[in-house]
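Below is one structure, written out as structure tokens; comments come after it.
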Amino acid sequence: MGAGHGHRLHYHGHSRVHRAPAHLKLLALLGFVLLAVAVPPGWWAAYPVLLAVLLGVVLLARVPLGYLARRMWIEVPFLVFAVLLPFVATGPRVEVGFLSLSEPGLVAAGGLAAKGTLGVLASLTMAATTEPADVLRGLRRLRMPDLLVQIMSFMLRYLDVVTADLARMTTSMRSRGCDPRSPRHWPTLARSMGALFIRSYERGERVHLAMLSRGYDGELPR
Amino acid sequence: MHVPDGFLDAPTSVATGVVAAAGIAVALRKARGELDDRTAPMAGLVAAFVFAGQMINFPVGAGTSGHLLGGALAAVLVGPWTGMLCLSVVLLVQALFMADGGITALGTNITLMGVVGCFVGYAVFRLALLVLPRRLGSVAPAAAVGALVSVPAAATVFTLLFVIGGNAPIDTGAVLTAMLGWHVVIGVGEAVVTGLVVGSVVAVRPDLVHGAQRLVQARTLEVRPSGLAAPARAGEVA
Chain P
0 MGAGHGHRLH YHGHSRVHRA PAHLKLLALL GFVLLAVAVP PGWWAAYPVL
50 LAVLLGVVLL ARVPLGYLAR RMWIEVPFLV FAVLLPFVAT GPRVEVGFLS
100 LSEPGLVAAG GLAAKGTLGV LASLTMAATT EPADVLRGLR RLRMPDLLVQ
150 IMSFMLRYLD VVTADLARMT TSMRSRGCDP RSPRHWPTLA RSMGALFIRS
200 YERGERVHLA MLSRGYDGEL PR
Chain D
0 MHVPDGFLDA PTSVATGVVA AAGIAVALRK ARGELDDRTA PMAGLVAAFV
50 FAGQMINFPV GAGTSGHLLG GALAAVLVGP WTGMLCLSVV LLVQALFMAD
100 GGITALGTNI TLMGVVGCFV GYAVFRLALL VLPRRLGSVA PAAAVGALVS
150 VPAAATVFTL LFVIGGNAPI DTGAVLTAML GWHVVIGVGE AVVTGLVVGS
200 VVAVRPDLVH GAQRLVQART LEVRPSGLAA PARAGEVA
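Residue numbers (numbering that gives the first Met the number 0), protein chains in the order written: chain P, 0 to 221; chain D, 0 to 237.
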């Protein structure tokens with residue numbers, strides 16, 4: 000039982016970035032993204048510099064760029080929004096070919112796309128180079144409340160168990176001719192979600208009792 | 000859908016981060032009241048459940064899909080404080096391990112989905128329970144109403160934040176109309192799924208549903224003599 004090694008985004012490696020203490024990586028990530036978000040509109044020169052720094056870290060981590068690029072699809076809805084922005088934004092218009100685009104809209108769309116992309120790429124690099132257990136240790140080191148760290152560690156530990164439970168349920172639903180995506184079968188899906196909640200809750204109760212029997216008193220040994 | 004980095008400016012992101020941190024600090028104290036020393040394992044498992052629930056995507060149309068937000072659902076099932084902690088941890092894990100929602104937008108996402116989603120959902124749920132008849136059967140529809148209101152409420156707060164610290168010059172009215180219109184549709188889906196899930200849990204284990212606790216305690220033991228028992232008793236007498 001328990002989670003497999005690593006997690007979906009982790010890219011196994013032994014580079015200097017992989018070995019760096021997690022709390023420093025978390026602080027660096029937060030600082031870097033805050034810096035990217037704080038770039039004022041129109042300062043285009045800042046983005047290539049930030050990107051170069053980030054790509055330097057990725058190269059140092061020896062994570063293939065293709066590996067990260069394939070996982071950046073998560074950003075697509077916001078890129079679509081950025082593409083639409085110049086059409087709906089207010090302000091003076093400029094003519095580009097036969098299109099009438101809003102000038103501040105174009106500037107905002109560029110900034111949005113650049114900041115979003117930098118943020119996603121930085122987070123992916125962090126996720127690719129840091130094991131969940133190290134992230135937890137780093138968060139504890141950064142004084143995140145102990146109870147929150149514990150909740151997060153239980154969630155990560157049982158995430159694969161619970162999602163595998165759900166996967167088995169949807170497999171058996173499909174094999175009985177039910178399509179979990181169709182609204183027509185929502186009642187069936189909802190009943191299995193209810194069952195999943197009861198299973199998860201009762202698993203939590205069993206885990207708690209097992210912990211009590213091993214001397215748990217509200218705090219995990221460090 | 001989670002707010003990414005760069006959508007709101009840095010001061011707004013930091014301010015919502017402070018709001019989220021304050022909310023979590025209060026929730027950490029209050030959740031102990033809801034779950035005592037079981038908090039860590041139980042909230043962890045419920046967070047994993049919420050995460051699994053968010054993995055199911057529903058086609059919304061135009062090639063996009065939406066998923067359950069789960070704020071109202073978690074609040075009704077395990078209580079608003081624990082629910083908020085679960086949602087916050089889910090968002091933290093998604094931001095750190097899946098790059099879903101920005102790191103700097105984490106405070107915004109927790110404020111919107113954790114604080115507003117859970118608390119508006121739970122408040123509306125309680126109000127609906129006052130109006131509906133005092134039966135266990137009322138819990139599911141009340142939860143659905145809570146979920147229905149919680150999603151547009153979060154969208155409205157997002158619009159407010161966007162007006163204060165948005166990085167795009169769009170007409171406020173247009174943002175509000177688009178956000179509300181879209182999220183009322185999502186809210187209806189959220190309401191249907193939340194109502195059905197809560198209904199199915201209430202049918203099997205009403206004692207596990209935090210929002211149904213008072214109704215479960217108010218229930219009295221009913222003795223319903225069945226027709227089958229009568230011949231056996233007649234046999235005893237004979």
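We treat Cβ as the ideally placed atom computed from N, Cα and C, and that holds for glycine.
Cβ-heavy atom distance, residue i to the ligand ZN, below 7 Å
| i | result |
| --- | --- |
| R205 (chain P) | What this structure holds is no ligand at all, so the ligand ZN is not there to describe. |
Whole-Å CB distance - residue i paired with residue j, under 8 Å assumed
| i | j | result |
| --- | --- | --- |
| V79 (chain P) | P40 (chain D) | About 40 Å; that fails the 8 Å criterion. |
| R69 (chain P) | L8 (chain P) | About 11 Å separates the two Cβ atoms, so there is no contact after all. |
| L146 (chain P) | L27 (chain D) | 5 Å |
| F288 (chain P) | V200 (chain D) | The structure shown does not extend to residue 288 (chain P), since chain P is modelled only from 0 to 221, so the question has no answer here. |
| M54 (chain D) | T162 (chain P) | 7 Å |
| M178 (chain D) | A217 (chain D) | The Cβ separation is near 40 Å, so there is no contact. |
| A9 (chain D) | L33 (chain P) | 6 Å |
Paired residues, beta bridge with residue i - DSSP
| i | result |
| --- | --- |
| V95 (chain P) | P:L98 |
| L244 (chain D) | In the structure as shown, chain D begins at 0 and stops at 237. Residue 244 (chain D) is therefore absent and cannot be evaluated. |
Residues near residue i by beta carbon distance below 8 Å, same chain, minus five either side
| i | result |
| --- | --- |
| V187 (chain D) | L147 |
| V148 (chain P) | L135, L138, R139 |
Own chain residues within Cβ distance below 6 Å of residue i, not counting five before or after
| i | result |
| --- | --- |
| G137 (chain P) | A21, H22, L25 |
| A46 (chain D) | C85, V88, V89 |
| I23 (chain D) | S87 |
| V57 (chain P) | T124 |
| H17 (chain P) | T128 |
| L100 (chain P) | P85, V93 |
| G104 (chain P) | L84, P85, A88 |
Beta-carbon proximity of residue i to residue j, cut-off 8 Å
| i | j | result |
| --- | --- | --- |
| S87 (chain D) | G120 (chain D) | no |
| G241 (chain D) | Q93 (chain D) | Given that chain D is displayed from residue 0 to residue 237, the structure contains no residue 241 (chain D) and the question cannot be resolved. |
| A127 (chain P) | L67 (chain P) | yes |
| L50 (chain P) | L117 (chain P) | yes |
| A110 (chain D) | V18 (chain D) | Inspection of the sequence shows that residue 110 (chain D) is occupied by Thr rather than by Ala. The answer is yes: Cβ separation under 8 Å. |
| P151 (chain D) | V130 (chain D) | no |
| G5 (chain D) | A19 (chain P) | no |
| M151 (chain P) | L175 (chain D) | no |
| A141 (chain D) | L160 (chain D) | no |
| F124 (chain D) | A190 (chain D) | no |
| R198 (chain P) | D164 (chain P) | yes |
Close Cβ partners of residue i (< 7 Å) along its chain, the five nearest in sequence each way excluded
| i | result |
| --- | --- |
| D14 (chain P) | The amino acid at residue 14 (chain P) is misidentified as Asp; the sequence shows Ser. Here the set comprises L59, A60, R61. |
| G5 (chain P) | Residue placement at G5 (chain P) is poorly supported in this model, since its pLDDT is 44, which falls under 50; the coordinates are not used for a value here. |
| A242 (chain D) | Residue 242 (chain D) is absent from the structure shown; chain D starts at 0 and stops at 237. |
| T219 (chain D) | none |
| G198 (chain D) | A139 |
- [ ] Tell me, please, whether the region 30 to 45 of chain D touches the region 73 to 83 of chain D by the rule of three or more beta-carbon pairs shorter than 8 Å.
- [x] Result yes; three or more Cβ-Cβ pairs closer than 8 Å.
Task: Inter-stretch contact at 8 Å, needing at least 3 Cβ pairs: the region 154 to 170 of chain P / the region 183 to 196 of chain P - done: Counting C-beta pairs closer than 8 Å gives three or more between the region 154 to 170 of chain P and the region 183 to 196 of chain P, which meets the contact rule.
Open item on the list: Taking contact to mean 3 or more Cβ pairs, one atom from each stretch, closer than 8 Å, check whether the region 132 to 147 of chain D and the region 20 to 37 of chain D are in contact.
Closed with: Below 8 Å, too few C-beta pairs join the region 132 to 147 of chain D and the region 20 to 37 of chain D to call them touching: fewer than three.
Open item on the list: Under 8 Å: do the region 101 to 108 of chain D and the region 12 to 19 of chain D share three or more Cβ pairs, one atom per stretch?
Closed with: Contact between the region 101 to 108 of chain D and the region 12 to 19 of chain D is present, with at least three C-beta pairs closer than 8 Å.
Task: Validate contact between the region 97 to 108 of chain P and the region 165 to 178 of chain D using beta carbons, cut 8 Å, 3 pairs - done: Segment contact: the region 97 to 108 of chain P against the region 165 to 178 of chain D, three or more CB-CB distances shorter than 8 Å; contact assigned.
Task: Sufficient close CB pairs (3 or more, under 8 Å) joining the region 113 to 132 of chain P to the region 28 to 35 of chain P - done: Yes: the two stretches touch, three or more of their Cβ pairs being nearer than 8 Å.
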